[in-house]
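Data block below; observations after.
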Ligand SMILES: [Zn+2]
Ligand SMILES: [Zn+2]
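Shown next as structure tokens:
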């Protein structure tokens with residue numbers, strides 16, 4: 543799989559010299575099967591980064607599958623600004639969690655309708671298909687997808703994507719440890735375990751410093767240490783630290799990564815996700 547990060551923040555970070563390297567856009571990750579399927583693209587979350595993704599697709603693109611982890615604003619904010627949705631006839635599938643009362647379509651219509659947005663879902667010129675997801679598995683061209691609810695406030699799912707050669711797990715907003723560094727002896731108890739087990743690349747929430755976590759426990763996010771411990775617990779080979787706090791500048795994120803590499807290498811290959819980074823999995 544070829545993975546491109548378009549947005550890696552937990553909320554929009556102010557552009558400037560201190561945020562140049564990691565960028566300021568919110569969650570959006572492009573995934574293509576194999577060596578880079580030219581016709582079919584999976585997009586994980588529709589944060590502000592999806593605007594630049596939409597500007598990057600070419601005429602060869604036949605189908606786009608946008609998979610939403612949940613409907614917090616930083617994960618859907620860019621949806622109405624994604625050029626793929628405005629290309630006549632382009633096959634676009636939107637996947638995301640429903641509630642017991644509302645389908646994904648009804649939930650998204652609250653944002654994609656006046657007064658918050660001028661264009662309604664049914665007015666989009668693409669060939670749009672919406673799918674409610676829960677604990678489920680499904681296939682898109684070249685990729686098998688497993689999807690489960692994970693620990694984060696509100697209905698939130700994680701995704702496990704498998705093509706012929708590799709496995710990628712996406713847990714953008716996730717607190718697997720709930721403040722504890724030791725995981726329970728029965729590993730299946732741990733949120734996200736089955737999704738992330740033996741993943742070649744785990745993209746995981748690493749929003750907070752240890753000090754930030756102390757006052758924000760219960761917000762549904764992790765520290766980089768939590769993410770590393772979880773990655774080791776599930777046997778993931780590489781960890782992309784993701785969903786950086788908008789208040790943490792480049793130097794702070796670098797410091798966290800240096801400390802994590804010092805502590806966890808060589809058992810774990812950890813790196814920082816940043817806007818525009820391309821990774822082969
Ligand atoms: Zn988020
Ligand atoms: Zn969230």
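Numbering (our numbering), first residue to last: 543 to 823. Every residue gets a Cβ at the ideal spot worked out from N, C-alpha and C, and that includes glycine.
- prompt: Taking C-beta to C-beta, are residue 550 and residue 817 nearer than 8 Å?
  reply: yes
field: Test item: CB-CB of residue 592 and residue 624 under 8 Å
entry: yes
task: Return the bridge partner residues of residue 572 from the DSSP annotation.
output: 546, 585
- prompt: In chain order, what residues have a CB nearer than 5 Å to some heavy atom of ligand 2?
  reply: 614, 715
message: I need the straight-line Cα distance from residue 746 to residue 717, nearest angstrom please.
response: 9 Å
- request: Indicate, with yes or no, if ligand 3 has a heavy atom lying under 7 Å from the CB of residue 793.
  value: Within the structure as shown, ligand 3 is missing, the only ligands being ligand 1 and ligand 2.
field: Identity of the residue in 621, 614, 613, 615 nearest residue 595 by Cα
entry: 621
task: Tell me the start and end of each unbroken beta strand (DSSP E) in the region 670-695 that is at least 3 residues and wholly inside, in chain order.
output: 678-682, 685-691
- prompt: Thinking C-alpha only, which one of 579, 782, 589, 659 is nearest residue 602?
  reply: 579
message: If you follow the beta strand (DSSP E) that residue 702 is in, where does it begin and where does it stop?
response: 699-704
Validate contact between the region 641-659 and the region 565-576 using beta carbons, cut 8 Å, 3 pairs: no
query: Any idea if residue 662 is buried or exposed, counting beta-carbon neighbours within 10 angstroms, 16 or more meaning buried?
result: exposed
field: 4 or more residues per run - each alpha helix (DSSP H) lying fully within the region 591-621
entry: 592-598, 615-618
query: ligand 1 heavy atoms versus the CB of residue 567: any closer than 7 Å?
result: no
query: Can you list, in chain order, the stretches of the beta strand (DSSP E) that have 3 or more residues and sit fully within the region 719-762?
result: 743-747
task: Write down every uninterrupted run of the alpha helix (DSSP H) in the region 780-819 whose length is 4 residues or greater and which is fully enclosed by it, in chain order.
output: 792-806
task: Could you give the DSSP three-state label for residue 551: helix, strand or coil?
output: strand
message: Which residue wins for smallest C-alpha separation from residue 750, given the options 675, 637, 763, 744?
response: 763
- request: Return the residue from the list 733, 657, 557, 794 that minimises the CA-CA distance to residue 769.
  value: 733
- request: Kindly indicate which residue of 779, 554, 546 has the alpha-carbon position closest to the one of residue 790.
  value: 554
- prompt: Quick one, are the C-beta atoms of residue 637 and residue 666 less than 8 Å apart?
  reply: no
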